[in-house]
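Chemist: Just passing along the structure, written as structure tokens.
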Amino acid sequence: MGKNLAEKILQRHSPEILRGPGQIIPCRVSLVLANDITAPLSIDSFRKMGAKKVFDPGKIALVCDHFTPNKDIASAEQVKKVRLFAREMGITHYYEGGTSGVEHALLPELGLVGPGDIVVGADSHTCTYGGLGAFATGMGSTDIAAAMALGETWFKVPESIKVRITGELGPYITAKDLILNLIGRIKVDGALYKALEFSGPVLDRLDAEARMTMANMAIEAGAKAGLFPVDVITLDYCRTHGRNDLNTLQPDHDAAYCLLMDMDVSGMPPQVACPHLPDNVKAVDELKEIRVDQVVLGSCTNGRISDLRQAAQIIREHKVDKGVRFIVLPATPKIYAQALEEGLLEIFMRAGAIIGPPTCGPCLGGHMGILAGGEKCLATTNRNFKGRMGSLDSEVYLGSPYVAAATAVAGRIIHPERI
Amino acid sequence: MMQEQKTSMHFQGRAHKVGDHVDTDAIIPARYLVTTDPLELGRHCMSGLKQDWIKRINRGDILVGGKNFGCGSSREHAPIAILGAGISVVIAHSFARIFYRNGFNMGLVLLEVGDRVKAINSLDQLEVRALDGEIINHSTGETIRSLPVPEFMANILARGGLINYVREKVG
Ligand code: SF4
Numbered sequence: 008m009g010k011n012l013a014e015k016i017l018q019r020h021s022p023e024i025l026r027g028p029g030q031i032i033p034c035r036v037s038l039v040l041a042n043d044i045t046a047p048l049s050i051d052s053f054r055k056m057g058a059k060k061v062f063d064p065g066k067i068a069l070v071c072d073h074f075t076p077n078k079d080i081a082s083a084e085q086v087k088k089v090r091l092f093a094r095e096m097g098i099t100h101y102y103e104g105g106t107s108g109v110e111h112a113l114l115p116e117l118g119l120v121g122p123g124d125i126v127v128g129a130d131s132h133t134c135t136y137g138g139l140g141a142f143a144t145g146m147g148s149t150d151i152a153a154a155m156a157l158g159e160t161w162f163k164v165p166e167s168i169k170v171r172i173t174g175e176l177g178p179y180i181t182a183k184d185l186i187l188n189l190i191g192r193i194k195v196d197g198a199l200y201k202a203l204e205f206s207g208p209v210l211d212r213l214d215a216e217a218r219m220t221m222a223n224m225a226i227e228a229g230a231k232a233g234l235f236p237v238d239v240i241t242l243d244y245c246r247t248h249g250r251n252d253l254n255t256l257q258p259d260h261d262a263a264y265c266l267l268m269d270m271d272v273s274g275m276p277p278q279v280a281c282p283h284l285p286d287n288v289k290a291v292d293e294l295k296e297i298r299v300d301q302v303v304l305g306s307c308t309n310g311r312i313s314d315l316r317q318a319a320q321i322i323r324e325h326k327v328d329k330g331v332r333f334i335v336l337p338a339t340p341k342i343y344a345q346a347l348e349e350g351l352l353e354i355f356m357r358a359g360a361i362i363g364p365p366t367c368g369p370c371l372g373g374h375m376g377i378l379a380g381g382e383k384c385l386a387t388t389n390r391n392f393k394g395r396m397g398s399l400d401s402e403v404y405l406g407s408p409y410v411a412a413a414t415a416v417a418g419r420i421i422h423p424e425r426i
Numbered sequence: 588m589m590q591e592q593k594t595s596m597h598f599q600g601r602a603h604k605v606g607d608h609v610d611t612d613a614i615i616p617a618r619y620l621v622t623t624d625p626l627e628l629g630r631h632c633m634s635g636l637k638q639d640w641i642k643r644i645n646r647g648d649i650l651v652g653g654k655n656f657g658c659g660s661s662r663e664h665a666p667i668a669i670l671g672a673g674i675s676v677v678i679a680h681s682f683a684r685i686f687y688r689n690g691f692n693m694g695l696v697l698l699e700v701g702d703r704v705k706a707i708n709s710l711d712q713l714e715v716r717a718l719d720g721e722i723i724n725h726s727t728g729e730t731i732r733s734l735p736v737p738e739f740m741a742n743i744l745a746r747g748g749l750i751n752y753v754r755e756k757v758g
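Protein chains in written order, with our numbering: chain G, 8 to 426; chain F, 588 to 758.
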């Protein structure tokens with residue numbers, strides 16, 4: 008029996024012969040990640056484990072991005088703890104201040120993750136790197152501490168669901184719409200303990216950033232990983248970001264899957280996830296007169312340059328509605344600089360947007376755009392759990408950058424073609 | 588504190604039911620993640636579900652969840668907040684993957700029971716024999732068996748959690 012993508016990558020990193028799903032195997036890891044919220048707990052566990060040094064100071068990334076620029080004394084103390092640990096251990100990839108950005112946008116940009124890698128991170132959206140053909144998954148801080156000390160971890164080999172995407176992408180239909188549609192169909196626990204593997208002719212139309220947007224939200228269906236095959240699109244992306252990966256990676260023709268799904272995207276309208284779960288997905292036109300108080304463009308899902316370009320295309324020559332705060336957060340300093348050079352930031356400013364620093368900020372209800380009771384927000388982020396962005400009585404809707412920009416202009420959730 | 592709680596693996600307490608898909612933002616909202624202190628986190632346990640949920644909890648009570656309990660972020664603060672609130676056992680229809688792993692690592696006892704979770708009502712008096720995977724509902728007289736724990740994870744628990752497990756390896 009052949010191997011699917013998850014099995015192929017896991018086998019490369021494990022000394023044990025992989026027999027199939029359910030088996031628990033040890034694996035060497037390529038990179039270990041933690042952030043300003045999760046690293047402090049990892050550091051505590053690391054010390055309790057009696058570990059004196061990390062397995063490889065060049066293979067650990069500590070990214071301060073959640074509450075940064077530090078929102079209060081307590082978060083500043085947490086960052087200080089991470090900084091001192093990074094210094095003590097000689098960790099090369101420590102990011103804070105002007106070098107830092109939202110971790111899952113930053114690491115691919117720096118060429119730190121790529122095809123065939125195993126990446127474990129103390130952050131559930133570590134699965135983003137599946138867009139580049141890495142087996143990447145989120146874990147808790149203590150698992151991450153163990154991986155920092157040992158350079159290895161254990162996995163239960165997951166079953167895989169193969170999603171074959173066919174058809175023609177319509178105007179304004181993005182990776183975000185595809186993944187929201189899929190989550191709406193299989194639900195938030197539809198891929199629990201499993202890997203999602205994407206395939207089909209539409210992949211040729213999805214660039215690496217789009218693939219990362221989709222892989223990013225695999226966890227929103229409960230998946231352990233969301234995997235794309237490695238093709239010329241992946242290899243091109245990696246080359247321009249300082250890696251020299253040479254080999255494509257495809258599943259075997261006789262690989263086993265627990266489920267085969269077909270997804271025809273022809274005629275699909277823009278999708279919006281309504282409160283309070285990412286699987287409460289509707290076509291944008293089904294939503295009638297949902298007025299919003301805030302729109303957020305950013306995050307590890309949709310804060311990349313292609314996302315900013317899409318939103319700018321809609322909002323150019325328009326104004327943000329008077330009752331709306333439109334918050335734009337380029338996900339990394341490099342994206343920020345590029346948006347500046349391309350004139351995108353000027354377009355947003357002239358429209359009346361607020362441009363903030365690269366940070367997770369409001370995505371997790373951290374800072375820089377918290378909602379009051381009764382307020383509604385349309386965000387390009389990935390989670391709309393109750394209270395995620397502020398008050399327990401606020402509401403978050405999830406959509407693409409096109410829908411976000413259109414909503415900012417109209418003051419209500421609206422199809423981008425109506426702007 | 589967390590290492591000691593699992594030695595006996597035999598618990599008694601009142602059930603507190605919550606619904607399906609209780610996410611980690613509900614268990615401990617992000618604004619409280621500026622500390623790693625279990626007692627401080629415990630004070631805000633489930634405040635993303637209901638602001639003063641914790642007020643109805645006594646130490647030793649047992650949390651009973653629906654499907655996909657603990658979905659969402661990887662924050663280990665979630666099992667720590669539950670332990671910090673004085674809850675040592677969570678029974679659920681099913682658990683989200685990262686939460687399940689974190690729970691074991693932190694020494695929180697997790698029992699997956701599928702549809703049999705319906706046989707437990709809020710405030711039922713429960714007895715949990717974790718090693719046998721047995722839940723006795725003294726209010727209804729019913730006994731529920733949980734799904735077996737993977738052997739590898741049982742080994743980690745037997746060593747007193749992941750920290751001790753790794754300590755042996757690096758030591
Ligand atoms: S942008 Fe949001 S989802 Fe992504 S890492 Fe930050 S808090 Fe998590």
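The C-beta atom is built at its ideal place from N, Cα and C for all residues, glycine as well.
Given the structure is predicted, the values throughout are model-derived calculations rather than measurements.
Against chain F, with Cβ distances strictly below 9 Å, would residue 28 of chain G count as a contact?
Modeler: The count along the first sequence starts at 1 and reaches residue 28 of chain G at position 21. Not closer than 9 Å to any Cβ of chain F, the Cβ of residue 28 of chain G fails to qualify, so no.
Chemist: What do you reckon, are the CB atoms on residue 327 of chain G and residue 358 of chain G nearer than 9 Å?
Modeler: The sequence position of residue 327 of chain G within the first sequence is 320, counting from 1. The sequence position of residue 358 of chain G within the first sequence is 351, counting from 1. Contact: yes.
Chemist: Excluding the five sequence neighbours on either side, which residues of its own chain have a C-beta within less than 6 Å of the C-beta of residue 676 of chain F, listed in chain order?
Modeler: Counted from its first residue, the second sequence places residue 676 of chain F at position 89. For residue 676 of chain F, where only same-chain residues beyond five positions count, the Cβ hits under 6 Å are 598, 649, 696, 715.
Chemist: If you draw a straight line from the alpha carbon of residue 100 of chain G to that of residue 425 of chain G, how long is it in whole angstroms?
Modeler: The count along the first sequence starts at 1 and reaches residue 100 of chain G at position 93. The count along the first sequence starts at 1 and reaches residue 425 of chain G at position 418. Whole-angstrom Cα-Cα distance: 44 Å.
Chemist: Mark residue 314 of chain G as exposed unless 16 or more other C-beta atoms lie within 10 angstroms of its C-beta, in which case mark it buried.
Modeler: Within the first sequence, the letter at position 307 stands for residue 314 of chain G. That one is buried.
Chemist: Taking just the CA atoms, how far does residue 405 of chain G sit from residue 6 of chain G?
Modeler: In this structure chain G extends from 8 to 426, so residue 6 of chain G is not present and cannot be described.
Chemist: Please report the distance separating the alpha-carbon of residue 29 of chain G from that of residue 42 of chain G.
Modeler: Residue 29 of chain G sits at position 22 when you count from the first residue of the first sequence. Residue 42 of chain G sits at position 35 when you count from the first residue of the first sequence. In a straight line, the C-alpha of residue 29 of chain G is about 30 Å away from that of residue 42 of chain G.
Chemist: Consider the C-beta atom of residue 311 of chain G and the heavy atoms of ligand 1; say whether any pair is separated by less than 8 Å.
Modeler: Start at 1 with the first residue of the first sequence, and residue 311 of chain G comes out as number 304. No, since every heavy atom of ligand 1 falls outside the 8 Å radius drawn around the Cβ of residue 311 of chain G.
Chemist: List, in chain order, every chain F residue whose beta-carbon is nearer than 9 Å to that of residue 85 of chain G.
Modeler: Stepping through the first sequence from its first residue, residue 85 of chain G is reached at position 78. Simply 620, 621, 622, 623.
Chemist: Roughly how many angstroms lie between the CA atoms of residue 694 of chain F and residue 629 of chain F, to the nearest whole one?
Modeler: Walking along the second sequence from the start, residue 694 of chain F turns up at place 107. Walking along the second sequence from the start, residue 629 of chain F turns up at place 42. Whole-angstrom Cα-Cα distance: 15 Å.
Chemist: With a 10 Å radius around its C-beta and 16 neighbouring C-beta atoms as the bar for buried, classify residue 692 of chain F as buried or exposed.
Modeler: Here the question's residue 692 of chain F lines up with position 105 in the second sequence. Its Cβ being crowded by 16 or more others within 10 Å, residue 692 of chain F is buried.
Chemist: Consult DSSP for residue 200 of chain G and reduce its assignment to one of helix, strand or coil.
Modeler: Here residue 200 of chain G corresponds to residue number 193 of the first sequence, with the count starting at 1. The answer is coil: DSSP assigns residue 200 of chain G none of H, G, I, E or B.
Chemist: Confirm, please, whether the CB-CB distance from residue 36 of chain G to residue 127 of chain G is below 9 Å.
Modeler: Within the first sequence, residue 127 of chain G is the residue found at index 120, counting from 1. Within the first sequence, residue 36 of chain G is the residue found at index 29, counting from 1. Taking 9 Å as the cut-off, the Cβ atoms of residue 127 of chain G and residue 36 of chain G count as close.
Chemist: Does any residue of chain G bring its CB to less than 9 Å from the CB of residue 633 of chain F?
Modeler: Counting from one through the second sequence, the residue named residue 633 of chain F turns up at place 46. Interface with chain G (9 Å Cβ-Cβ cutoff): residue 633 of chain F is excluded.
Chemist: Please go through the same chain and pick out, in chain order, the residues whose beta-carbon is closer than 8 Å to the beta-carbon of residue 641 of chain F, but skip the five residues on each side of it.
Modeler: The residue given as residue 641 of chain F occupies position 54 in the second sequence. The residues are 629, 630, 631, 632, 633, 634, 672.
Chemist: Helix, strand or coil for residue 20 of chain G per DSSP?
Modeler: In the first sequence, counting from the first residue as 1, residue 20 of chain G sits at position 13. Here DSSP, grouped into helix, strand and coil, assigns residue 20 of chain G to helix.
Chemist: Please compile the residues from chain F whose C-beta is within a distance smaller than 8 Å of the C-beta of residue 47 of chain G.
Modeler: Working through the first sequence from its first residue, we reach residue 47 of chain G at position 40. Near residue 47 of chain G (Cβ distances below 8 Å), the residues of chain F are 623.
Chemist: Compare the Cα-Cα distances from residue 136 of chain G to each of G:90, G:38, G:178, G:73 and report the closest residue.
Modeler: Start at 1 with the first residue of the first sequence, and residue 136 of chain G comes out as number 129. For residue 136 of chain G, the closest C-alpha among the options G:90, G:38, G:178, G:73 is that of G:38.
Chemist: Closer than 9 Å, Cβ to Cβ, to anything on chain G: give me those residues from the region 692 to 708 of chain F, in chain order.
Modeler: 692, 693
Chemist: Kindly confirm or deny that the region 71 to 86 of chain G and the region 178 to 191 of chain G touch, where touching means at least three C-beta pairs closer than 8 Å.
Modeler: Here the region 71 to 86 of chain G does not lie against the region 178 to 191 of chain G, with fewer than 3 beta-carbon pairs under 8 Å apart.
Chemist: Is the Cβ of residue 145 of chain G closer than 9 Å to any Cβ of chain F?
Modeler: As a working mapping, residue 145 of chain G is identified with position 138 in the first sequence. Yes, because at least one Cβ of chain F sits closer than 9 Å to the Cβ of residue 145 of chain G.
Chemist: Please tell me whether residue 651 of chain F and residue 683 of chain F are closer than 9 Å, where the distance is taken between their beta carbons.
Modeler: Within the second sequence, residue 651 of chain F is the residue found at index 64, counting from 1. Within the second sequence, residue 683 of chain F is the residue found at index 96, counting from 1. No.
Chemist: Using only the alpha-carbon positions, how far apart do residue 738 of chain F and residue 718 of chain F sit?
Modeler: Within the second sequence, residue 738 of chain F is the residue found at index 151, counting from 1. Within the second sequence, residue 718 of chain F is the residue found at index 131, counting from 1. One C-alpha to the other measures close to 12 Å.
Chemist: Determine which residues share a DSSP beta bridge with residue 301 of chain G and list them.
Modeler: Walking along the first sequence from the start, residue 301 of chain G turns up at place 294. Note: residue 301 of chain G sits in a beta bridge opposite G:332, G:384.
Chemist: I'd like to know whether the C-beta atoms of residue 430 of chain G and residue 152 of chain G end up nearer to each other than 9 Å.
Modeler: The question about residue 430 of chain G has no answer here: the residues shown for chain G are numbered 8 through 426.
Chemist: Whose CA, out of G:85, G:75, G:226, G:44, lies closest to the CA of residue 365 of chain G?
Modeler: Looking up residue 365 of chain G in the first sequence gives position 358. Looking at the Cα atoms, G:75 is the closest of the given residues.
Chemist: Taking the alpha carbon of residue 120 of chain G as the reference point, which residue from G:246, G:413, G:194 has its own alpha carbon closest?
Modeler: If you number the first sequence from 1, residue 120 of chain G lands on position 113. Out of G:246, G:413, G:194, G:246 has the C-alpha closest to the C-alpha of residue 120 of chain G.
Chemist: Does DSSP classify residue 221 of chain G as helix, strand or coil?
Modeler: Stepping through the first sequence from its first residue, residue 221 of chain G is reached at position 214. Here residue 221 of chain G sits in helix by DSSP.
Chemist: The alpha helix (DSSP H) with residue 348 of chain G in it runs from where to where?
Modeler: Against the first sequence, residue 348 of chain G aligns to sequence position 341. Residue 348 of chain G -> alpha helix (DSSP H) spans 340 to 348.
Chemist: From the DSSP output, in three-state form, read off residue 45 of chain G for me.
Modeler: As a working note, residue 45 of chain G is residue 38 in the first sequence. Residue 45 of chain G falls in the coil class under three-state DSSP.
Chemist: Figure out for me which residue from F:730, F:721, F:664, F:645 has the closest Cα to the Cα of residue 736 of chain F.
Modeler: Position 149 of the second sequence, counting from 1, holds the residue named residue 736 of chain F. That would be F:721, whose Cα lies nearest to the Cα of residue 736 of chain F.
Chemist: Quick one: which chain F residues come within Cβ less than 9 Å of residue 192 of chain G?
Modeler: For this step, residue 192 of chain G is matched to residue 185 along the first sequence. Those do not exist, as residue 192 of chain G stays about 16 Å from chain F at its closest Cβ, beyond 9 Å.
Chemist: With DSSP run on the structure shown, which of helix, strand or coil describes residue 270 of chain G?
Modeler: Residue 270 of chain G sits at position 263 when you count from the first residue of the first sequence. Residue state, collapsed to three classes: strand.
Chemist: Mind checking the region 729 to 742 of chain F against chain G and listing, in chain order, the residues whose C-beta falls within less than 9 Å of any C-beta there?
Modeler: 737, 738, 739, 740
Chemist: For residue 98 of chain G, list the residues DSSP reports as bridge partners.
Modeler: Translated into positions along the first sequence, residue 98 of chain G becomes position 91. Bridge partners of residue 98 of chain G: none, in fact.
Chemist: Taking only three categories from DSSP, how would you classify residue 162 of chain G?
Modeler: Position 155 of the first sequence, counted from the start, is the residue given in the question as residue 162 of chain G. DSSP places residue 162 of chain G in strand when its eight states are reduced to three.
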